[in-house]
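Quick note: the sequence shown uses the working numbering, first residue 1, plus one each step. Take a look at the structure set out below.
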Amino acid sequence: MTMVLLKPVDGRTPNELEILFKDFLNEQKFTRCARHATLQGYVAAMQLFLRIVKEADLRNIQDRPTWIGFFSALNERERLVGKQMKQTGVKASTLLTYRSKLDVFMRWLVATNQIKTNPLTSIERPNVQYVDRRFLTESEIRRLFQTCQYDHKWASDFIRIRNYTILRVLILTGVRRGELLGLHLQDVDLDKGTLTVRAETSKSKMPRPIPLPRPLMIELSDYLQARKNHAIAYLSPALFVSGTKDRAFGQHGLKHLVDLLAKESGVHFHVHRARHTFASELNRHGTPLQHLQQLMGHHDPRMTMAYGRNVSVDTLRPAVEKIGSDGYSR
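In structure tokens, the structure reads:
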């Protein structure tokens, strides 16, 4: 996989800060074995920072006003959402994401004695409330399946089967976007009924076997047969492949698929909602949080606990009713 790099800012020669950022990326890639998606995140955050703070250098990045100005500009700038809609500012969670990625670089600069202080340590983090843990309802899931399998006219039967299988895998295994796109043929074992997220694509850097429900095993088998019978004699090791070229199904293809399904089904759908749905359903069926943590691939159990709080009143009611049946009622 090719190395992600900063694009030149305004066509000028990179300064010392940008050269050091390249050294930082190399260390993250070859020493820490950071995932490609992680490196892309660092680059995207730094690219945005340099675009806003045009005179950024080793001296002024140690000043609090530089960072306050950057965060202020993020909250005030206008950007296009879609083709026509303008939106001002960014969500607190987006602000925190940029800050967190840039903070890794700043801490590296301090650790390597390139700068003396990291002013981000003295700037309060945004207060983020993650409210988008909404799972898909049964009705929404049926509409997505109906749209993908029957309503939309795909370019070929192979693409229909592939896209439907991708949707089913997202909802029935809870894999992340990068994990889905990183799946190889060898990661599916229909004899054992498992799909394995490899360590190199897992956010926790640990391999994660996920049991497959029987209907999904059948759908994966049908997709693999369609892949095998395709006019393109695929050499790509990727599980999900392009319908027109011998290459993996990529990020842009997945975004197009998700956006299309959301628009045509009328369901507010994104990849992480599928993941929330998987976790919420497991939790609703009484899966112990330790098992849920393993299936979700959470390194920090506190991430899993968030789903433990996402329980409906109807699910909690039987436990409360037991109190009334244990001699406490009149």
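A virtual CB, placed ideally from N, CA and C, is assigned to each residue, including glycine.
Original post:
Where do the ends of the beta strand (DSSP E) carrying R275 lie?
Top reply: Not the beta strand (DSSP E): R275 falls in the alpha helix (DSSP H), residues V271 to R284.
**OP:** Determine the DSSP secondary structure at A34, reduced to helix, strand or coil.
**Re:** coil
**OP:** Buried or exposed for Q293, please, with buried defined as at least 16 other CB atoms from any protein chain shown within 10 angstroms of its CB.
**Re:** buried
**OP:** Measuring only between beta-carbons, confirm whether M46 sits less than 8 Å from chain C.
**Re:** Absent here is chain C; the protein component of the structure consists of one chain.
**OP:** For D332, name the three-state secondary structure that DSSP assigns.
**Re:** Because the chain here runs from 1 to 330, residue 332 falls outside it and cannot be looked at.
**OP:** Identify whether T194 lies in helix, strand or coil by the three-state DSSP scheme.
**Re:** strand
Original post:
Exposed or buried, which one is V320 when buried takes at least 16 other CB atoms within 10 Å?
Top reply: exposed
Subject >> Element boundaries [beta strand (DSSP E), containing P209] >> reply: Note, P209: beta strand (DSSP E), R208 to P211.
Subject >> Close beta carbons around T13, own chain, < 7 Å, minus the five adjacent residues each side >> reply: none
Subject >> Inter-residue Cα distance where the pair is Q28 and Q40 >> reply: 11 Å
Original post:
Sorted by chain position, which residues of the same chain lie with C-beta nearer than 7 Å to E264's C-beta, five sequence neighbours on each side aside?
Top reply: T147, D151 and H152
**OP:** Please say whether R273 and G331 have beta carbons closer to each other than 8 Å?
**Re:** The structure shown does not extend to residue 331, since the chain is modelled only from 1 to 330, so the question has no answer here.
**OP:** Compute the Euclidean distance between the alpha carbons of T244 and N163, then round it to the nearest angstrom.
**Re:** 14 Å
Subject >> Delimiting residues of the alpha helix (DSSP H) encompassing L239 >> reply: Neither: L239 is in no alpha helix (DSSP H) and is coded neither H nor E.
Subject >> Assumed close pair T165, E219 - CB separation to whole angstroms, cut-off 8 Å >> reply: At roughly 5 Å, the Cβ-Cβ gap stays under 8 Å, so T165 and E219 are in contact.
Original post:
Is the beta carbon of P119 sitting closer than 8 Å to the one on R64?
Top reply: yes
Original post:
Any chance the segment 248-264 sits against the segment 201-218, with 3 or more Cβ pairs inside 8 Å?
Top reply: no
Original post:
Just to confirm, are L181 and F269 a CB contact at a threshold of 8 Å?
Top reply: no
**OP:** Buried or exposed for S280, please, with buried defined as at least 16 other CB atoms from any protein chain shown within 10 angstroms of its CB.
**Re:** With 16 or more Cβ atoms within 10 Å of its Cβ, S280 is classed as buried.
Original post:
If R142 sits next to V271, beta carbons under 8 Å apart, how far is it from one beta carbon to the other, in whole angstroms?
Top reply: With a Cβ gap of about 19 Å, R142 and V271 do not count as contacting.
Original post:
Whole alpha helix (DSSP H) runs in the segment 90-123 with 4 or more residues, listed along the chain?
Top reply: 92-111
Original post:
Taking Cβ positions, are F21 and L102 nearer each other than 8 Å?
Top reply: Result no, Cβ atoms of F21 and L102 do not sit closer than 8 Å.
Original post:
How would you call E179, buried or exposed, if buried means at least 16 neighbouring beta carbons within 10 angstroms?
Top reply: Here E179 is buried: its Cβ has 16 or more other Cβ atoms, across all protein chains shown, within 10 Å.
Original post:
For L195 versus L212, is the C-beta spacing smaller than 8 Å?
Top reply: Yes, the pair counts as a contact, with Cβ atoms nearer than the cut-off.
Subject >> Between the CA atoms of L96 and R35 - distance to the nearest angstrom >> reply: 20 Å
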